[in-house]
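Inspection log for the structure reproduced underneath, given as structure tokens.
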Amino acid sequence: MIFFKIKFLLLEHRHPAGFRFGSHSTDLIIKGKSEKEKNFAEIPQIERRVCPTFAGHRPKKRLFRWKCPPGSVKIKEIRETPAAPFRGKRPIQTEEHPMDYNKAALEMHETHHGKVGITSKVEVKTRDDLSTAYTPGVAEPCRKIKENPDDVYKYTFKGNMVAVVSNGTAVLGLGDIGPEAGLPVMEGKAVLFKEFGGVDAFPICIDAHDAASVIAACKAIAPTFGGINLEDIKSPECFEIEETLERELDIPVFHDDQHGTAIVVTAALINALRVVGKKMEDVHIVLNGPGAAGTAIIKMLMTAGAKDIVAVDQFGTLYKGCNSAEAHKNWLGEVTNPRQIKGGLKEAIEGADVFIGVSRPGILTTELCKTMNKDAIVFAMANPTPEIMPDDAKAGGVRVMATGRSDFPNQVNNVLCFPGLFKGALSVRARDINDQMKLAAAYAIADLITDADRSEENIIPGAFDPRVAEAVAAAVAKAARETGTARL
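Per the working numbering, residue -15 is the first one in the sequence shown, and the count goes up by one each step.
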């Protein structure tokens, strides 16, 4: 058995076949121990996904190269197997060693001391430069803004700058870890704003646990920013914070954990229903986990036309008079569950067309899936372990499956929404982000999947699809103008 070692180099040149993966690409360099020419079978599907240009090549020299997108390579070792009855070819076996993201993240953050920084748009190399960028010249734009406050958009970064605000009370799956520990996440969010939408964003982690303190802090910094993205703030405080800021500020305020998730879920469901030939207004939907994201999903689906939604929490279904300790759940009990189904998930899901989980791992079983309607749709979005694994759902008769994970088809990922959403809102100086703008974003995402391309395993664009942010931005800007919230 012959082994091949692989190492990775960052280079800046084009692939011989003409492909290019950004300014930096990664080479797989495979060195054989034999000078003899080796015939290689087609690389299995998983390797084609990891390295699209890897398949079909037949190396003839001792040093072979294939280009792969940076960060996408998982293969550490390739092993040539003994000859097999395979038309004279020798298949390749691979041993996949997944990247240690925890270790890599520590190295990245330590090396760069965080992920974001301030870069000047202008040079200051002469005395004239200094006098123009700072005193005395800077006084003139100050005077202009004083005369006309809207000129702040003309003379400063406000028009393309978003505050990413968190108090660190609900960070990922880590819980209440505080503002300092939450800062790497907020930095990461700022990176995604810039990389995917071209929007500048600044992370602001505040030491404020009650709603009133968070509201006061956001109102105090609002003059600097064109919009505020609330992030990782626990429920139920997040509801009051967002609602108050939306009412009292004249810039867009958006809690991505709620509405970003809701918009992408709605986009995915629009296409899933197209695949199975059902309509939003006709299907029976069960949502498990009516917290911040779950509540926003229900609101968004109702805006999109859904009429039969049942919410299920850890105590059972929500219905009129359920007397939950949480106000938003009592509201959900009033506006959902038209058949007043009582019981748990078992009772709610029988005959359901759609299951949406934003709850905990393993809550949905194959047996429960079997009780759903024909051509069932399941979105299991608990991370990192979903409510049910795709294979188990398929075994239960589920036709369309989506998760929050990148290693399964149909990843529901907020990055499809918030960069383009803010890009569009900022472009027209929107005063807020209303339901029509959110629904427009959902349809913009969904409509990127054409009738020809749509399938059970392709209901939503990938995170790196370059069309997404522009499509969402255009749709959001149009909706803002049509609803009267745009100032341009």
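We put the CB at the ideal spot given by N, CA and C, even for glycine.
Would you identify the three-state DSSP class for residue i, choosing helix, strand or coil?
i: N357; result: coil
i: S308; result: coil
i: V259; result: helix
i: N272; result: strand
i: A424; result: helix
i: I281; result: helix
i: A461; result: helix
i: G159; result: strand
i: I247; result: helix
i: Q29; result: Legend: pLDDT at Q29 = 36, less than 50; position of this residue unreliable, no value from coordinates given.
Per DSSP, what are the beta-bridge partners of residue i in this structure?
i: F186; result: A147
i: H239; result: L214
i: N477; result: The shown model of the chain, from -15 to 472, leaves out residue 477, and the question about it has no answer.
i: F363; result: I340, A386
i: T301; result: V296
In the DSSP assignment, find the unbroken beta strand (DSSP E) run with residue i in it and report its ends.
i: V384; result: 382 to 387
i: V294; result: 292 to 297
i: I325; result: Per DSSP, I325 belongs to no beta strand (DSSP E) and is neither H nor E.
Closer than 8 angstroms by C-beta to residue i: which residues in its own chain qualify, once you throw out the five before and the five after it? Chain order, please.
i: G381; result: C353, K354, M356, K358, A360
i: E171; result: G98, K99, V100, P187
i: A117; result: V106, V108
i: V198; result: V149, N151, I190, A192, I217, E221, I225
Between the Cα of residue i and those of the options, spot the shortest distance and give me the residue it belongs to.
i: A336; options: D375, N367, K291; result: K291
i: T140; options: L285, S150, V148, I129; result: I129
i: M286; options: M264, P274, E91; result: M264
i: V267; options: L400, K203, I333, F238; result: I333
i: E224; options: H193, A295, F406; result: H193
i: E454; options: E230, D416, G300, L405; result: L405
i: G261; options: P322, T228, V338, N394; result: V338
i: I247; options: E466, L472, I444, P450; result: I444
i: N394; options: V108, P322, V106, A364; result: A364
i: Y303; options: N321, A311, A309; result: N321
i: I190; options: E215, L229, S150; result: S150
i: F299; options: L329, C222, N442, R323; result: L329
i: P403; options: D376, L90, L114, D449; result: D449
i: G157; options: R344, K142, D112; result: R344
i: A288; options: N397, A252, K378; result: A252
i: K378; options: P368, T349, L400, N398; result: T349
Give me, in chain order, the residues of the same chain whose beta-carbon lies closer than 6 angstroms to that of residue i; leave out the 5 immediate sequence neighbours on both sides.
i: A464; result: V412, A414, M421, A470
i: A461; result: G408, S411, V412
i: V270; result: V294, A332, I333, A336, F339
i: A256; result: I361, V384, I443
i: P370; result: A364, T387
i: P374; result: M385, F392
i: V148; result: M170, K173, A174, A185, P187, N213, E215
i: Y137; result: G143
i: I161; result: G152, V155
Note the first and the last residue of the continuous alpha helix (DSSP H) segment covering residue i.
i: I225; result: 221 to 232
i: V198; result: 195 to 205
i: G468; result: From DSSP, G468 is part of no alpha helix (DSSP H); its letter is neither H nor E.
i: E91; result: 85 to 96
i: D113; result: 111 to 117
i: D266; result: Unbroken run through D266: none, as it is neither H nor E.
i: S411; result: 402 to 411
i: E371; result: No alpha helix (DSSP H) holds E371; DSSP gives it neither H nor E.
i: V136; result: 136 to 139
i: I129; result: 123 to 131
Apart from the five residues just before and just after residue i, which ones in its own chain have a Cβ nearer than 7 angstroms to its Cβ?
i: H243; result: A280, K422
i: N144; result: V183, D184, G210, L410
i: H312; result: P220, F223, T279
i: E310; result: P220
Kindly say whether residue i, judged by its beta-carbon, lies nearer than 8 angstroms to any beta-carbon of chain D.
i: G327; result: Absent from the structure is chain D; it holds one protein chain and no more.
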